[in-house]
Structure formats: structure tokens, C-alpha cells
Amino acid sequence: MGTKRHFRVWRGDDTGGSLEDFQVEVNEGEVVLDVIHRLQATQTPDLAVRWNCKAGKCGSCSMEINGKPRLGCMTRMSTFSDTETVTVTPLRTFPVIRDLVTNVNFNYQKARELPAFAPPKGVEPGEYRMQQVDVERSQEFRKCIECYLCQNVCHVVRDHEENKRAFSGPRFFIRAAELDMHPLDARTDRKELAQAEQGLGYCNITKCCTEVCPEHIKITDNAIIPMKERVVDRRYDPVTWLGRKIFRRDQLDEPAMAHSSSPSTEAADTSSHWHQQGPQPQAPAVGADGKLPVAELYLDRPAASSPFGDDQEFPLPPDQVRYNHPH
Ligand code: SF4
Ligand code: SF4
Ligand code: FES
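In C-alpha cells, the structure reads:
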């Protein structure tokens, strides 16, 4: 038999709603989603909540718990004190459908606007080859479970509905960065698209998105800042600037013109893109030492840190292994 705990859950729909109070049983080892399910089973059979895997992998159960965007299925009740009231509300950035369920269609629209992977010409599927280091770099971004907690927490759209038209949000900045770093992607304008079409410039690197990501993706350090730096490098690179002055826009194949020692041959060959052809970063734009603190330069590995903590070793000692059979 568990203990009784105080829950406050938002109930309502797009016309309005309010927080309702419940005393509900909580057992050892349970997560917030377990308690929501118990509320459905015992007190509020019509309470709406979206969930699927209960394993932190489908990204469905996003909600705000005591004001913080989190996954209900990955938030342990043991993280709250015994007398603490647990307040559960829907994601604030997206329109409420009912109770804890919001309409996240905004994200699917932004996903559709992002140009897909562009295969290199003359290379068939099955012939794609890339270095392991490039696979590992993009693997961090591929861990995204599309929970949209980062989208929800970003202040650019959280309190400014009017920004949604011009701003894609952090989840789609990591997708753009992943494609920009992809050695086989034939498009060379990912950075410019991020700036012009996705609203990269609206982001002022508050890192709130990184803080809430349940997959521990270093959204700002490993995707947004490198993308911003490369936009700046491209824009303010003196050779490119001179090229802009000399050539008309339609004559300027930017990376080849500005950085190739033999532009006539390399500029013509845009069919294969085995190695990223863009300019190497020039002098970074800000910072007392003349550099931006780009964490990827200092990390000894490309992926995010382990969710178990950096000093955790496996296998765990037997007394630390906990497993609750689901009966
Ligand atoms: S770092 Fe940028 S994208 Fe992330 S929450 Fe802040 S403003 Fe939004
Ligand atoms: S980047 Fe992280 S927080 Fe954002 S949608 Fe993906 S998993 Fe969720
Ligand atoms: S239910 Fe799938 S992430 Fe929570």
C-alpha cells in the first residue's frame, strides 16, 4: 500500500480550464505518468493524456510538471519530497486540445518546410560511404525522440505566438545542422536556409532547450552555435566579401569562388559532395579571446554525455540494480 499524495492537474479544453486537486495513491518506484493513469482508473476516467511507450522513447507524454517541461514517464515520484504538491499542466506553447493533450501540429509544419536530405548525383543508394567520425557526429542529433520539450520551452515562441511563422525552433535547428554536417548531402545552402527561412537569428543562445532535452542532446553547443558561427564566417569572410563586391550574385558560387585555389575545375563539379566543401571557419566573431566557446571543440567525444552520468561504469554493482516487474 502506497502513500497518499497531493496532485494538481489542469483540466479543460480550448475554451478554458482550471487546476483540480486530487489525493492519489503513490507507490515506490512510480513515475508521474503512473499516477496520472491511477487518476484515470480511480477518479477521473475522462482525463486526457497522450502517451505510448512509457519508456522515454516515443516522445508522446510531454507535459509540464511543477512548471518544468518533462516527460511524464521519465519523472520519478522519488524526485519530489513526501509533502510536495505535484502540479501537472499541458505544454504551454501549443494550443490545448483537452486536459494534458496539446496540438503540436506546428512542429510537423516546420518539419515539412525543411528541405530533405539531397542525395549526391551519380551515387546510387547502397553506394553511399561516409567516415565513422561523420556518422558519430550526426548520431547525437538522430537520438531526438520528437518530444518537442525544447520547442515548448523556447522563449522565442513560448510567449510570442507571432514569431511562430518565422521561427522553426531548436528541434529543427539540430536537423538542419545534422544535414549541414552530412558529408553526402549535396545542398550547400543549409546555413543560409537556417538563417533566412528557419529564423536562426531569433535564437539568443539561452540554452533552455538543451536543459530540458530528455535525450541530453547538446542542442545549443553542438548544433545552434556551430550553425551561427558558419553563417557569420560565410557572411563576414573578407574573401567572400570582396567576391560579393566584384561579382554579381548570379555569378558567385560562394564556396568555390571564395576558397578554391582552382575555381574553374572545382566550381564546376558540384555533383559529388564527399567532403564538406564550405570554407573552414575563419576568425570567430566574438569573445575576449576572439573565439566563441564552442563546446564541440573541447569535448573528447562527439556525442552527448551519458544520461547515467559521466562517472557511471557498467555493469552496476548488484545492490544498485533495481527492477520492478510489471506483474
Ligand atoms: S538556445 Fe535558442 S533555440 Fe534554444 S531555447 Fe534559447 S532561444 Fe530557443
Ligand atoms: S531535441 Fe531533445 S527536447 Fe527537442 S524534440 Fe528532440 S528529444 Fe525532444
Ligand atoms: S510515453 Fe513514450 S516518452 Fe513517455
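At position 120 of the sequence shown the residue is numbered 120 (the UniProt record's numbering), and the sequence of numbers has no breaks. All C-beta atoms in this analysis are idealised placements derived from N, C-alpha and C, irrespective of residue type, glycine included.
Bounding residues of the beta strand (DSSP E) (the contiguous stretch that carries residue i)
i, result
"Arg98", "Val96 to Arg98"
"Gln23", "Gly16 to Val26"
"Lys191", "Lys191 -> not in any beta strand (DSSP E); alpha helix (DSSP H) instead, spanning Arg190 to Ala196."
Enclosing alpha helix (DSSP H) for residue i [first to last residue]
i, result
"His37", "Val32 to Thr42"
"Ser168", "Element bounds for Ser168: n/a, residue is neither H nor E."
"residue 330", "Residue numbering for the chain in the displayed model covers 1 to 327; residue 330 lies beyond these limits and cannot be assessed."
"Arg158", "His155 to Arg158"
Residues bridged to residue i [DSSP beta-bridge criterion]
i, result
"Val86", "Phe7"
"Arg129", "Bridge partners of Arg129: none, in fact."
"Thr102", "Val96"
"Leu179", "Partner(s): none; Leu179 has no beta bridge."
"Asp13", "Gly16 and Arg98"
"Ser62", "Leu71"
"Arg76", "Val31"
Cut-off 6 Å between Cβ atoms - residues of its own chain near residue i, not counting five sequence neighbours on either side
i, result
"Arg301", "Any answer about Arg301 is weak, because its pLDDT of 38 lies below 50 and its placement is not dependable; what the coordinates show is given next. Contacts found: none."
"Ala295", "Unreliable positioning characterises Ala295 in this predicted model, as indicated by a pLDDT of 44, which lies under 50. A coordinate reading is not provided."
"Tyr202", "Val156 and Phe167"
"Gly2", "Glu25, Val26 and Asn27"
Contacting residues, own chain, Cβ-Cβ under 7 Å from residue i (five flanking each side not counted)
i, result
"Gly309", "Interpretation of Gly309 is limited by its pLDDT of 48, a score under 50 that renders its predicted location unreliable; the figure taken from the coordinates is listed afterwards. None."
"Lys207", "Thr220"
"Arg76", "Val31"
"Val33", "The question names Val, but residue 33 in the sequence shown is Leu. Excluding sequence neighbours, Leu33 sits near Trp51, Lys54, Cys61, Gly72 and Cys73."
Closest Cα partner of residue i within the set the options
i, options, result
"Lys4", "Val156, Glu84 and Pro120", "Glu84"
"Arg92", "Glu127, Lys68, Ala177 and Val35", "Lys68"
"Ala177", "Ser62, Thr79, Val88 and Glu140", "Glu140"
"Lys112", "Asp99, Pro95 and Glu197", "Per the sequence shown, residue 112 should be read as Arg rather than Lys. When each option's Cα is compared against that of Arg112, the closest is Glu197."
"Thr188", "Thr42, Ala118 and Arg165", "Ala118"
"Gly56", "Met74, Thr42 and Glu64", "Met74"
"Asn66", "Cys58, Ser60, Thr87 and Ser78", "Thr87"
"Pro170", "Gln23, Asp134, Asp21 and Met227", "Met227"
"Gln132", "Met181, Glu64 and Ile205", "Met181"
"Glu215", "Asp34, Ile174 and Asn52", "Ile174"
"Val35", "Pro183, Asn52 and His6", "His6"
"Glu20", "Gly29, Leu39 and Asp14", "Leu39"
"Ser62", "Val96, Ala41, Phe80 and Thr42", "Val96"
"Trp51", "Gly29, Pro90 and Lys164", "Pro90"
Residues near residue i in its chain [Cβ-Cβ closer than 8 Å; skip 5 each side]
i, result
"Glu211", "Val153"
Inset, instruction - Assess, as a yes-or-no matter, whether the region 102-116 is touched by the region 141-157 under the definition of 3 or more beta carbon pairs within less than 8 Å. - result: yes
Inset, instruction - Would you check if the region 43-60 and the region 119-129 touch, i.e. whether three or more CB-CB distances between them fall below 8 Å? - result: no
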